[in-house]
Amino acid sequence: MKTIAMVNFKGGVGKTTLAANMAVGMAELGKKVLLIDLDPQASLTFSFCSVDYWGHNLQENCTIKRWYDEHVYKDRDIPLEELWIDPERLVVSEMGVLKLIASHINMFEIDVELGGSLAGTTERQSQANFLRVLSRLRHSLGKIPPWRFDVAIIDCPPAFNIITQSAVVASDYYIIPTKADFLSTLGLETLVGHVDNLVARYNLYAANSSGQYEGISPQLAGVVFTMVSLRGGDVISTQRTYVDMVTVGKGLPAFASMVRENKTLFSDAPEYGVPVIIRSTHSQTHREVQDEMWVLVHEVMQKCRI
Ligand SMILES: Nc1ncnc2c1ncn2[C@@H]1O[C@H](COP(=O)(O)OP(=O)(O)O)[C@@H](O)[C@H]1O
Ligand SMILES: [Mg+2]
Numbered sequence: 000m001k002t003i004a005m006v007n008f009k010g011g012v013g014k015t016t017l018a019a020n021m022a023v024g025m026a027e028l029g030k031k032v033l034l035i036d037l038d039p040q041a042s043l044t045f046s047f048c049s050v051d052y053w054g055h056n057l058q059e060n061c062t063i064k065r066w067y068d069e070h071v072y073k074d075r076d077i078p079l080e081e082l083w084i085d086p087e088r089l090v091v092s093e094m095g096v097l098k099l100i101a102s103h104i105n106m107f108e109i110d111v112e113l114g115g116s117l118a119g120t121t122e123r124q125s126q127a128n129f130l131r132v133l134s135r136l137r138h139s140l141g142k143i144p145p146w147r148f149d150v151a152i153i154d155c156p157p158a159f160n161i162i163t164q165s166a167v168v169a170s171d172y173y174i175i176p177t178k179a180d181f182l183s184t185l186g187l188e189t190l191v192g193h194v195d196n197l198v199a200r201y202n203l204y205a206a207n208s209s210g211q212y213e214g215i216s217p218q219l220a221g222v223v224f225t226m227v228s229l230r231g232g233d234v235i236s237t238q239r240t241y242v243d244m245v246t247v248g249k250g251l252p253a254f255a256s257m258v259r260e261n262k263t264l265f266s267d268a269p270e271y272g273v274p275v276i277i278r279s280t281h282s283q284t285h286r287e288v289q290d291e292m293w294v295l296v297h298e299v300m301q302k303c304r305i
């Protein structure tokens, strides 16, 4: 199973929308996909199940918060298998599988608890706590039998907090969705720097752990430009400047495919419970957006070896 984290400490850049469409696209292509929502805003969760369903069936015992609660308060691992559910309203092709581990609005508290549990009185203890807390998700994902899923896609909160860091530690690849504008592209190098520092620190501590922990090497699969405006099939020049700044200027890898801006199509998507990529349509524009999304899904699968 390959694990991909959707990461950006900026919100509103299309992480969740892309995660949902990628997951459904891959499942339609016959892949077995596990989606994990780590964001307290739970937008991914509510893209696949109603607030009512969540309140009645998931809130208490069947979200990722339960899994964190068990390990924060009881130092116990519950199998992720107990938590994944079928999306409420969506059916994917018979060949594929799509399961969702829902989030919880009180995930904010968990991050604070996790932060607290990192402290140690000695350097040795701090390193042990760091490895224990940050590796937990990785270990739980590692316990899922390899035949169960081809890919796990983790949607992260808009912060580089402990929860996001544990997702990065768990991942083989990470993808950075971003808008092509000044403020959105400004922090990308910093974000990649944070990931590199995290990986270096984890690997250093792992090397000191007498073989208890293995090193990690999450790769940046690429930056995905979202909500771009197209003119004549190409990105408008003001946005092209920012695309070039990221790819040529900063030398970050980027996906050739982009997601165009279309408020009508994307803003309605969660309510329908069926992401844009497979929602049936008679609109020419919608078909073009779907075609672009399919190209992106294939590019992700190729870059992440799924
Ligand atoms: N390509 C797009 N065009 C227009 N609106 C979009 C597009 N992608 C996402 N959106 C909308 O923008 C908002 C933020 O997107 P979201 O995926 O939730 O971002 P993030 O997860 O990074 O916070 C949502 O309301 C979503 O419906
Ligand atoms: Mg989101």
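Numbered by numbering that gives the first Met the number 0, the letters in the sequence shown go through residues 0 to 305 in order.
By construction, the Cβ of each residue, glycine as well, lies at the ideal position given by its N, Cα and C atoms.
Residue i versus residue j: straight-line alpha-carbon distance, rounded
| i | j | result |
| --- | --- | --- |
| Gly210 | Asp68 | 27 Å |
| Asn202 | Leu187 | 23 Å |
| Trp83 | Ser183 | 33 Å |
| Val288 | Thr121 | 54 Å |
| Val222 | Ala206 | 30 Å |
| Met226 | Thr263 | 12 Å |
Enclosing alpha helix (DSSP H) for residue i [first to last residue]
| i | result |
| --- | --- |
| Phe107 | 106 to 115 |
| Gly141 | 122 to 141 |
| Gly24 | 14 to 27 |
| Tyr67 | 63 to 72 |
Residue i CB to nearest heavy atom of ligand 1 below 8 Å
| i | result |
| --- | --- |
| Gly186 | no |
| Asn128 | no |
| Glu287 | no |
| Phe306 | Residue 306 is absent from the model: the chain starts at 0 and stops at 305. |
Check: residue i C-beta below 8 Å from any heavy atom of ligand 2
| i | result |
| --- | --- |
| Thr40 | It is worth fixing the name first, because residue 40 is Gln in this sequence and not Thr. Yes, the beta carbon of Gln40 sits closer than 8 Å to at least one heavy atom of ligand 2. |
| Asp154 | yes |
| Pro274 | no |
| Pro157 | yes |
| Lys14 | yes |
Where residue i falls, given that 16 or more other Cβ within 10 Å makes a residue buried
| i | result |
| --- | --- |
| Arg230 | exposed |
| Trp146 | exposed |
| Thr16 | buried |
| Phe181 | exposed |
| Pro217 | buried |
| Pro252 | exposed |
| Gln164 | buried |
| Asn196 | exposed |
| Gly29 | exposed |
| Asn189 | Rather than Asn, the amino acid found at residue 189 in this sequence is Thr. Exposed. |
Residue i: first and last residue of the uninterrupted beta strand (DSSP E) it sits in
| i | result |
| --- | --- |
| Met5 | 1 to 5 |
| Gly192 | Taken as a continuous stretch (DSSP letters only), Gly192 belongs to no beta strand (DSSP E), being part of the alpha helix (DSSP H) at 187 to 206. |
| Leu219 | 218 to 225 |
| Ala151 | 150 to 154 |
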